[in-house]
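This report concerns only the one structure given below.
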Amino acid sequence: MPRAAILTTCKVSTPMDKYQKSRKDKLFKSHPFDPYATPLRPGGSARCPQCGAAYHEGEWHLHGPVGPGPVDATVCPACRRIEDRAAAGQVRISGRFLATHEQEIRQLIHHAEQQERQTHVLERLIAVDCKDDELLATTTGTHLANRIGHDLEAAYDGTCSYRYSDSEVYLSVDWHRD
Ligand SMILES: [Zn+2]
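Position 15 (the sequence shown) corresponds to 142 in the working numbering; numbering is contiguous.
So this is what it looks like as structure tokens:
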């Protein structure tokens with residue numbers, strides 16, 4: 128369970144609902160130490176020339192107006208992470224089930240990306256690589272890795288674990304089914 132995994136790293140003894148709420152608020156904002164955070168002024172506007180994402184009101188959006196002031200062409204953090212292959216999340220898929228369902232699982236991963244991107248435009252797939260009988264999906268954000276794990280569990284059961292790095296900027300998901 129993802130929440131349980133998160134709580135194991137919690138050193139603060141606050142009530143669970145309060146903690147989860149603050150945690151959720153935090154997750155949906157950029158980390159101040161994220162090296163890929165956009166160094167734009169909150170009032171500025173920009174459009175990513177690579178994916179078309181629009182930056183306004185201090186955040187990146189899938190669509191939306193930019194301006195009325197000058198609009199910068201700025202490569203968004205997700206496109207920069209993809210270029211650098213700098214993942215913020217990964218999903219490792221293993222077990223015998225993969226051999227007979229690889230195509231379906233790949234479709235599920237890409238579908239999860241399309242869904243996640245509707246609300247979190249900076250959540251993208253970097254790559255889905257097959258290696259040593261395992262599939263490894265890397266993502267530009269933790270939300271997408273989290274979503275892929277939950278979608279796999281919902282579609283195929285199996286066992287799944289979620290581990291955040293100490294600084295919570297990286298999520299490792301391991302899904303397994305034989
Ligand atoms: Zn972009």
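Every residue gets a Cβ at the ideal spot worked out from N, C-alpha and C, and that includes glycine.
Worksheet item: Using a threshold of 7 angstroms, is the CB atom of Val255 nearer than that to any non-hydrogen atom of ligand 1?
Response: Translated into the one-based positions of the sequence shown, residue 255 becomes position 128. Val255 Cβ: outside cutoff for every heavy atom of ligand 1.
Discussion item. Using the Cβ count rule (16 or more neighbours within 10 Å means buried), how would you classify Gln241?
Written reply: Translated into the one-based positions of the sequence shown, residue 241 becomes position 114. By the C-beta density criterion, Gln241 is exposed, having fewer than 16 other C-beta atoms within 10 angstroms.
Worksheet item: Quick one: what does DSSP say His190 is sitting in, helix, strand or coil?
Response: Within the sequence shown, numbered from 1, the residue matching residue 190 stands at position 63. Reduced to three states, the DSSP call for His190 is coil.
Discussion item. So, with DSSP's three-state summary, where would you put Leu249?
Written reply: Here the question's residue 249 lines up with position 122 in the sequence shown. Judged by DSSP in its simplified three-state form, Leu249 adopts coil rather than helix or strand.
Discussion item. Tell me which residues share the same chain as Asp259 and place their Cβ nearer than 7 angstroms to its Cβ, disregarding the 5 neighbours each side in the sequence.
Written reply: Taking the first residue of the sequence shown as 1, we reach residue 259 at position 132. Once the five neighbours on either side are set aside, Asp259 has no close Cβ partner at all.
Worksheet item: Going by other Cβ atoms of all chains shown within 10 Å of its Cβ, with 16 needed for buried, is Ala272 buried or exposed?
Response: Residue mapping note: residue 272 aligns to position 145 of the sequence shown, counting from 1. The residue in question, Ala272, is buried, as its Cβ has 16 or more Cβ neighbours within 10 Å.
Practice prompt. Confirm the yes/no value for this check: CB of Val198, any heavy atom of ligand 1, distance under 7 angstroms.
Written response: As a working mapping, residue 198 is identified with position 71 in the sequence shown. Because no heavy atom of ligand 1 lies under 7 angstroms away, the Cβ of Val198 does not count as near it: no.
Worksheet item: Taking the C-alpha atoms as reference points, what is the distance between Tyr297 and Gly216?
Response: In the sequence shown, residue 297 corresponds to position 170, counting from 1. In the sequence shown, residue 216 corresponds to position 89, counting from 1. Between the C-alpha atoms of Tyr297 and Gly216 there is a straight-line separation of about 5 angstroms.
Practice prompt. In the DSSP assignment, find the alpha helix (DSSP H) that holds Glu280 and state where it starts and stops.
Written response: In the sequence shown, residue 280 corresponds to position 153, counting from 1. Element bounds for Glu280: Thr269 to Tyr283.
Worksheet entry | Cβ separation of Ile253 and Thr265, assumed to be a contact under 8 angstroms, to the nearest whole Å | On the sequence shown, position 126 is the one that residue 253 refers to. On the sequence shown, position 138 is the one that residue 265 refers to. Right, their Cβ atoms sit about 4 angstroms apart.
Fill in: Beta-carbon gap between Leu235 and Leu279 smaller than 8 angstroms
For the purposes of this step, residue 235 is taken as residue 108 along the sequence shown, with counting starting at 1. For the purposes of this step, residue 279 is taken as residue 152 along the sequence shown, with counting starting at 1. The Cβ atoms of Leu235 and Leu279 lie closer than 8 angstroms to each other.
Worksheet item: Would you report the Cα separation of Pro176 and Leu189, rounded to the nearest angstrom?
Response: Along the sequence shown, one-based indexing puts residue 176 at 49. Along the sequence shown, one-based indexing puts residue 189 at 62. For the pair Pro176 and Leu189, the Cα-to-Cα distance works out to about 13 angstroms.
Item to complete: Go to Cys206, then tell me how far its alpha helix (DSSP H) extends in each direction, as first and last residue.
Response: The residue given as residue 206 occupies position 79 in the sequence shown. Counting along the chain, Cys206 sits inside the alpha helix (DSSP H) bounded by residues Pro204 to Asp211.
Worksheet item: Who are the Cβ neighbours of Gln245 in its own chain at under 7 angstroms, not counting the five residues just before and after it?
Response: Looking up residue 245 in the sequence shown gives position 118. These residues qualify, in order along the chain: Leu189.
Fill in: Residues near Tyr283 in its chain [Cβ-Cβ closer than 7 angstroms; skip 5 each side]
As a working mapping, residue 283 is identified with position 156 in the sequence shown. Taken in chain order, the residues that qualify are Phe224 and Arg304.
Worksheet item: Smallest Cα separation from Asp301: which of Val198, Tyr289, Glu231 and Glu186?
Response: Counting from 1 along the sequence shown, the entry for residue 301 is found at position 174. When only C-alpha atoms are compared, the closest one is Tyr289.
Worksheet entry | Nonlocal neighbours in the same chain, by C-beta distance under 7 angstroms from Val198, ignoring five residues either side | Taking the first residue of the sequence shown as 1, we reach residue 198 at position 71. If we look at Val198 and ignore the five residues flanking it on each side, its Cβ neighbours are Ser172, Ala173 and Arg174.
Discussion item. Is Val202 close to ligand 1? I mean its beta-carbon at under 7 angstroms from any heavy atom of the ligand.
Written reply: Along the sequence shown, one-based indexing puts residue 202 at 75. It does: the Cβ of Val202 is within 7 angstroms (strictly closer) of some heavy atom of ligand 1.
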